[in-house]
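Enquirer: So the protein sequences, as listed, match chains A and B.
Under our numbering, the first residue of the first sequence is numbered 1, with each subsequent residue one higher.
Under our numbering, the first residue of the second sequence is numbered 1001, with each subsequent residue one higher.
Backbone N, C-alpha and C define an ideal beta-carbon position, used for all residues, glycine too.
This structure is a prediction, so every number in the text was calculated from the model and none was measured.
Let me give you the structure first, and then I'll get to my questions.
2 protein chains.
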Amino acid sequence: MDEVKIIEIKKSIFADNDEDAALLRKELKQKGVYLLNLMSSPGSGKTTTLTRVINLLKDRIRIAVMEADIDSDVDAVKILQETGIASIQLHTGGMCHLDAEMTRQGLMGLDLDGVDLVILENVGNLVCPAEFDTGAVSNMMILSVPEGHDKPLKYPLMFSVCDLVVINKIDVLPYFDFDMDQCREYVLMRNPKARVLPICAKTGEGVEALAEELLSRVKAWKEE
Amino acid sequence: MDEVKIIEIKKSIFADNDEDAALLRKELKQKGVYLLNLMSSPGSGKTTTLTRVINLLKDRIRIAVMEADIDSDVDAVKILQETGIASIQLHTGGMCHLDAEMTRQGLMGLDLDGVDLVILENVGNLVCPAEFDTGAVSNMMILSVPEGHDKPLKYPLMFSVCDLVVINKIDVLPYFDFDMDQCREYVLMRNPKARVLPICAKTGEGVEALAEELLSRVKAWKEE
C-alpha cells in the first residue's frame, strides 16, 4: 500500500470561481471522471461512510479520494487502511472550504488514468463549503441523527446545493428526538429534487442503496 | 414575554479585528459586562445547554443572550420560551463567523443596564469562528459525544482558543466509540489551561458544575 500523499493547498488567484468551476467540470467530463463533492458537519461520519461505499464499489469502478482537512491526515490514513485505496490529503492551512482552483490543485496530485469516480471529502463545515462550486458533478451531504432534524432550517444554502442527502447514524434513532419524516420534509423544502437516504455507516445498514445510487449516477453521466 | 428581536448584521469595515476586539473588551470591562463566546459544530447542543445554564443562574446574575444564525430565529425563540430571557437573534446573512464589530452591532441591540453576563452563541462551525476574536473575555466550546473524541486533532485552532470545553450528550456514551480520557488528553494538548466538563444538557447531568464554573469566572473577573 502506498503512503498517504499530502498536498498543501494554496489560496486561489481566480476572481470568478463559478467560471473556473464550470471549466473544471468540462475538463473532467472529457476525461470521463465524475467528481462528487461530499460535505457535512464535523463528526457526522463522512470518512466511515466513504470507506463502506468504496469497499462496495471498488471492484466495479475505479475510485480515487481527496480528503480536505485543516492540518491532520487521520482521514486519509483511515481510508487507506480500510479500503486499500490511496487517497490524498489536502491541507487547507486553516481555510474553511475548497473552491474549484483548490480542487484542481488536489486533482493534479492524483493519477486520474482510468478513474471513474473521484470523491472529494470537503472540510467539515455546513456554512462555507456550500458557497463555493468545486467543479463537482453533484454535491452530497451527510446529516447525522444526533445533529437534529432541524438542520435544513438553519443551514439553508447547504441543503439547497445538495441533491443527495444521507441521514447517518440511524442506529441511535431511539436515543434522540429526531423526526425522520419532518427532516425529509425540510430537506425537500430546500431542494425538491434531493434524494434522501437513511443509513448507518457503522453497521452498514442502507449503505448498499447509497452505493447503487452513486454507481447509477456515474453510469448515467458517462452515457450522457 | 417580549418578542424575539432580529438584527441583520453587516460586514465589518475595520481592518484590524484584534485591535477592535481589544477595544470592545475594554469597553465591556468598564460596563462590568462579561462576554462569553460559545462555539460548536451544528447540532452539538449549544441552545439546550444555554437554556439549562440560564435557568440555573438567572436569579443570581443578570444574563442576556445573542444568537447568531444564518437566517432563522429558532434558537432565540427557544431561549425565550424556555427561560423567559429575551435574547436577540443576529442574522449573519450567510457569513460563517462573527468578529468584534459584528458582536458590537449585536450588543447595541441589547439593553446592557445591570447585565452581568452576555452569552454570544456563535455560528455552528468549528473552523471560521475560531479565527476571529469577538471581544469576549473567554471562549467556550461544546463538543458532543457523537462527533467523536478526535475533534481536537482535526480542528486545532478551535481547541487552542477555548479555555472551557464542555463534552455534551454523555447519556449516549454507551452507543458511541468515544474515549473520554483520550478526548481530555487531546483537548489539553491544544490548550493545557482548558477546563473539560462532561455534561448531558438533555437530562441536566453535570450542568450545575458548568453553571458554577461560569458564575465563579464572572465574579472573579468583576473583582479583578
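1. Rank P174(A), S40(A), L23(A), V166(A) by C-alpha distance to the C-alpha of A194(A) and give the top, closest one.
2. Check whether the Cβ atoms of V115(A) and R62(A) lie closer than 8 Å to each other.
3. Should P129(A) be counted as a contact of the ligand SAH given a C-beta to heavy atom distance under 7 Å?
4. Could you tell me how far apart the beta carbons of G148(A) and G1043(B) are, in whole angstroms, since I believe they sit closer than 8 Å?
5. Do we get a CB-CB distance below 8 Å when we pair V1125(B) with the residues of chain A?
6. What does I7(A) touch in chain B if you count any residue whose Cβ is under 9 Å from its own?
7. Tell me which residue opens and which closes the alpha helix (DSSP H) that E1213(B) is part of.
8. How would you list, in chain order, the residues of chain A whose beta-carbon sits under 9 Å from the beta-carbon of V1074(B)?
9. Does the CB of D2(A) have a neighbour CB from chain B at under 8 Å?
10. Check whether the segment 46-59 of chain A and the segment 19-33 of chain A are in contact - that is, three or more C-beta pairs closer than 8 Å.
11. Helix, strand or coil for I1170(B), going by three-state DSSP, please let me know.
12. Using a 10 Å radius around the Cβ and a threshold of 16 neighbouring Cβ atoms, would you call D1113(B) buried or exposed?
13. Three-state secondary structure (DSSP) at I7(A)?
14. Measure the C-alpha to C-alpha separation of D2(A) and V1127(B) and round it to an integer number of angstroms.
15. Among residues of its own chain, excluding the 5 on either side of A1076(B), which ones have a beta-carbon nearer than 7 Å to its beta-carbon?
16. Closer than 8 Å, CB to CB, is G1093(B) near chain A or not?
17. Apart from the five residues just before and just after I1085(B), which ones in its own chain have a Cβ nearer than 8 Å to its Cβ?
18. How is D2(A) classed by DSSP in three states: helix, strand or coil?
19. Does DSSP put M39(A) in a helix, in a strand, or in coil?
20. Between which two residues does the beta strand (DSSP E) harbouring A1064(B) extend?
21. Based on the DSSP secondary-structure assignment, which residues constitute the bridge partners of N1139(B)?
22. By a C-beta neighbour count over all protein chains shown, 10 Å radius and 16 as the cutoff for buried, is D133(A) buried or exposed?
23. Do P1192(B) and M1180(B) have their C-beta atoms closer together than 8 Å?
24. Using a Cβ-Cβ cutoff of less than 7 Å, which residues in the same chain neighbour L173(A) once the five nearest sequence positions on both sides are dropped?
25. Return the first residue and the last residue of the beta strand (DSSP E) that E1121(B) is part of.
26. Kindly indicate which three-state DSSP category R195(A) falls into: helix, strand or coil?
27. Below 6 Å CB to CB, which residues in the same chain sit around R104(A) once its five sequence neighbours on both sides are set aside?
28. Against chain B, with Cβ distances strictly below 8 Å, would V207(A) count as a contact?
29. Ordered along the chain, which non-local residues of its own chain (more than five positions away) have a Cβ less than 7 Å from that of K31(A)?
30. Is S87(A) helix, strand or coil when you go by DSSP?
31. Give the DSSP bridge partners of L164(A), in chain order.
32. With a Cβ-Cβ cutoff of 8 Å, do A130(A) and M95(A) count as a contact?
33. For K169(A), go through chain B and note every residue whose CB falls closer than 7 Å to its CB, in chain order.
34. I'd like to know whether the C-beta of C183(A) is nearer than 8 Å to at least one C-beta of chain B.
35. Using a Cβ-Cβ cut-off of less than 7 Å, list which residues of the segment 17-42 of chain A approach chain B; keep chain order.
Expert: On the basis of the supplied data:
1. Indexing the first sequence from 1 puts residue 194(A) at position 194. Of the candidates P174(A), S40(A), L23(A), V166(A), the one whose C-alpha sits nearest the C-alpha of A194(A) is V166(A).
2. In the first sequence, counting from the first residue as 1, residue 115(A) sits at position 115. In the first sequence, counting from the first residue as 1, residue 62(A) sits at position 62. Yes, the Cβ-Cβ distance between V115(A) and R62(A) is below 8 Å.
3. This structure does not include the ligand SAH; it has no bound ligands of any sort.
4. Start at 1 with the first residue of the first sequence, and residue 148(A) comes out as number 148. Start at 1 with the first residue of the second sequence, and residue 1043(B) comes out as number 43. Contact flag correct, Cβ pair sits at about 5 Å.
5. Taking the second sequence and counting its residues from 1, one reaches residue 1125(B) at position 125. With the sequence shown as reference, residue 1125(B) is identified as Asn, and Val is not the correct amino acid for it. Contact with chain A is found for N1125(B), since one of that chain's Cβ atoms lies less than 8 Å from the residue's Cβ.
6. Walking along the first sequence from the start, residue 7(A) turns up at place 7. The contact set of I7(A) on chain B, defined by CB atoms closer than 9 Å, is empty, because the minimum CB distance reaches about 17 Å.
7. Along the second sequence, read from residue 1 onward, the residue named residue 1213(B) stands at position 213. 1207-1223 is the extent of the alpha helix (DSSP H) around E1213(B).
8. One-based indexing of the second sequence puts residue 1074(B) at position 74. Within chain A, the residues near V1074(B) are D150, L153, K154.
9. On the first sequence, position 2 is the one that residue 2(A) refers to. Reliability of the predicted coordinates at D2(A) is poor, the pLDDT of 47 falling under 50, and no value is obtained from them.
10. Judged by Cβ distances under 8 Å, the segment 46-59 of chain A makes no contact with the segment 19-33 of chain A, as fewer than three pairs qualify.
11. Looking up residue 1170(B) in the second sequence gives position 170. Helix at I1170(B).
12. Numbered from 1 along the second sequence, position 113 holds the residue referred to as residue 1113(B). Classification of D1113(B): exposed, given that the 10 Å Cβ count is below 16.
13. Along the first sequence, one-based indexing puts residue 7(A) at 7. When DSSP states are grouped into helix, strand and coil, I7(A) belongs to the strand group.
14. Stepping through the first sequence from its first residue, residue 2(A) is reached at position 2. Stepping through the second sequence from its first residue, residue 1127(B) is reached at position 127. Only weak support is given to the placement of D2(A): the predicted model assigns it a pLDDT of 47, under 50, and the value that follows is read from those uncertain coordinates. Whole-angstrom Cα-Cα distance: 30 Å.
15. For the purposes of this step, residue 1076(B) is taken as the residue at position 76 of the second sequence. Its chain contains V1004, E1067, S1087, I1088, Q1089 as the residues whose beta carbon lies nearer than 7 Å to that of A1076(B), once the 5 sequence neighbours on both sides are disregarded; these appear in chain order.
16. Taking the second sequence and counting its residues from 1, one reaches residue 1093(B) at position 93. No, no contact with chain A.
17. As a position in the second sequence, residue 1085(B) is number 85, starting the count at 1. So the list reads I1054, K1058, I1063, A1064, V1065, I1079, once near-sequence residues are dropped.
18. In the first sequence, counting from the first residue as 1, residue 2(A) sits at position 2. The predicted model places D2(A) with a pLDDT of 47, which falls under 50 and marks its position as unreliable; any figure quoted below should be read in that light. Correct three-state label for D2(A): coil.
19. Your numbering for residue 39(A) matches position 39 in the first sequence. Correct three-state label for M39(A): strand.
20. Within the second sequence, residue 1064(B) is the residue found at index 64, counting from 1. Counting along the chain, the unbroken beta strand (DSSP E) around A1064(B) starts and ends at 1063-1069.
21. The count along the second sequence starts at 1 and reaches residue 1139(B) at position 139. For N1139(B), which the question treats as bridged, DSSP gives the partners N1037(B).
22. Locating residue 133(A) in the first sequence gives position 133, counting from the first residue. So D133(A) ends up on the buried side.
23. Taking the second sequence and counting its residues from 1, one reaches residue 1192(B) at position 192. Taking the second sequence and counting its residues from 1, one reaches residue 1180(B) at position 180. No, these two residues do not count as a Cβ contact at 8 Å.
24. For this step, residue 173(A) is matched to residue 173 along the first sequence. Closer than 7 Å at Cβ, skipping near neighbours: V145.
25. Stepping through the second sequence from its first residue, residue 1121(B) is reached at position 121. Here the beta strand (DSSP E) through E1121(B) covers 1117-1121.
26. Position 195 of the first sequence holds residue 195(A). The three-state secondary structure of R195(A), taken from DSSP, is strand.
27. By 1-based counting over the first sequence, the position of residue 104(A) is 104. Non-local beta-carbon contacts of R104(A) in its own chain, meaning distances under 6 Å to residues more than five positions away in sequence, involve L24 in chain order.
28. On the first sequence, residue 207(A) is found 207 positions in, with the first residue counted as 1. By this cut-off, V207(A) is not an interface position.
29. Along the first sequence, one-based indexing puts residue 31(A) at 31. If the five residues before and after K31(A) are omitted, its C-beta is found closer than 7 Å to the C-beta atoms of L112, all from its own chain and listed in chain order.
30. As a working note, residue 87(A) is residue 87 in the first sequence. Shown here, S87(A) sits in coil according to DSSP, grouped into three states, outside any helix or strand.
31. Taking the first residue of the first sequence as position 1, residue 164(A) is located at position 164. Answer by DSSP bridge pairing, in chain order: M140(A), R195(A).
32. Position 130 of the first sequence, counted from the start, is the residue given in the question as residue 130(A). Position 95 of the first sequence, counted from the start, is the residue given in the question as residue 95(A). Not a contact, by the Cβ cut-off of 8 Å.
33. Residue mapping note: residue 169(A) aligns to position 169 of the first sequence, counting from 1. Annotation: Cβ neighbours of K169(A) in chain B (cutoff 7 Å, chain order): P1146.
34. Stepping through the first sequence from its first residue, residue 183(A) is reached at position 183. No, its Cβ sits nowhere closer than 8 Å to a Cβ of chain B.
35. Within the segment 17-42 of chain A, the residues whose Cβ lies closer than 7 Å to some Cβ of chain B are S41, P42, listed in chain order.
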